[in-house]
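Contents: one structure, followed by commentary.
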Amino acid sequence: MQLSRSEKEVPSRSAYIVWAEFIELTGTTEERLRELMDIGWLEPTRTAEEAFLFRQNDVYRIRKLERLCADFELHTLGASIVMDLLDRIDGLESRLRELSDRR
């Protein structure tokens with residue numbers, strides 16, 4: 002049986018999360034979230050009504066940041082710098098793998 006185009010299109014879950022749900026999923030505080038937004042580490046999208054929308058990927062990032070703060074007793078800014086450096090290392094390792102795969 003062949004499915005028509007309209008039958009194949011299943012609504013996907015939104016890539017964005019509202020403020021309250023984001024706080025619940027990450028376990029972070031509103032203060033920490035505002036601090037991360039103030040320093041530009043977290044940049045949510047805004048709706049026409051000025052509500053914040055966060056990406057699904059940001060949940061993982063915040064959880065990781067919270068673990069760094071707790072495990073290494075880092076303040077928010079220090080942990081955000083560590084996270085940025087870890088992201089850069091990951092990107093460089095990916096590029097190296099790509100280059101080695103081409104050879």
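Taking my numbering, the leading residue of the sequence shown gets 2, the next gets one more, and so forth.
From the three backbone atoms N, C-alpha and C, an ideal C-beta is built for every residue, glycine too.
Three or more beta-carbon pairs under 8 angstroms between the region 69–76 and the region 41–54, yes or no?
no
With distance defined between alpha-carbon atoms, name the residue in Arg98, Glu99 and Ile63 nearest to glutamate 31.
Counting from one through the sequence shown, the residue named residue 31 turns up at place 30. Glutamate 31 has its Cα closest to that of Ile63, out of Arg98, Glu99 and Ile63.
Taking a contact to mean a Cβ-Cβ separation below 9 angstroms, would you say arginine 47 touches isoleucine 18 in this structure?
Numbered from 1 along the sequence shown, position 46 holds the residue referred to as residue 47. Numbered from 1 along the sequence shown, position 17 holds the residue referred to as residue 18. In this structure, isoleucine 18 does not lie closer than 9 angstroms to arginine 47 by Cβ.
Within its chain, find whatever has a CB closer than 6 angstroms to the CB of methionine 84; leave out the 5 residues flanking it on each side and keep chain order.
By 1-based counting over the sequence shown, the position of residue 84 is 83. Leu66, listed in sequence order.
Using the C-alpha atoms, what's the distance from alanine 16 back to leucine 36?
Taking the first residue of the sequence shown as 1, we reach residue 36 at position 35. Taking the first residue of the sequence shown as 1, we reach residue 16 at position 15. Reading off the sequence, residue 36 comes out as glutamate, not leucine. Straight-line Cα distance between these residues: approximately 23 angstroms.
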